[in-house]
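The structure appears below as structure tokens.
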Amino acid sequence: MTRIGRSLRGWTNGMLDLPQDLLSDMPRITLIGNKEMVIENHRGVLNFSPGQLTLALSKGSLEIAGEGLVITSILGRELAVEGVIGEIRYKESGEKR
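Going by full-length UniProt numbering, the sequence shown opens with residue 1, and the numbers climb by one from there.
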């Protein structure tokens, strides 16, 4: 990104008071108990089975482990999953497995 672009982004961040997930292309995760999860700002499904879901993010991946996982909807960059969610792990691009 150019210096002018970074400066403009910094100015709009301060002036408009927008949420960080919009400004930094970060995922927004909404968890309802351990039964339902909505993930916004993902980049696609990398792996899916009833026991694990892996999503691509702009700077890494998100792994959801559980039992009976079912993707109930995918609308653009928003995904909803239901089942028994046991573990959520965020991995940055440079992190080793």
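Note that the Cβ used here is the ideal one computed from N, Cα and C, for glycine as well.
- With respect to I64, L57 sits apart: the two C-beta atoms are not nearer than 8 Å.
- Counting other Cβ atoms within 10 Å of its Cβ, L55 reaches 16 or more and is therefore classed as buried.
- Under the three-state reduction of DSSP, R3 is assigned to helix.
- Boundaries of the beta strand (DSSP E) around N47: 44 to 49.
- DSSP places G86 within a strand segment (E or B) once states are collapsed to three.
- Note that the C-beta distance between N41 and P50 is not below 8 Å.
- A direct Cα-to-Cα measurement between L79 and T2 gives close to 32 Å.
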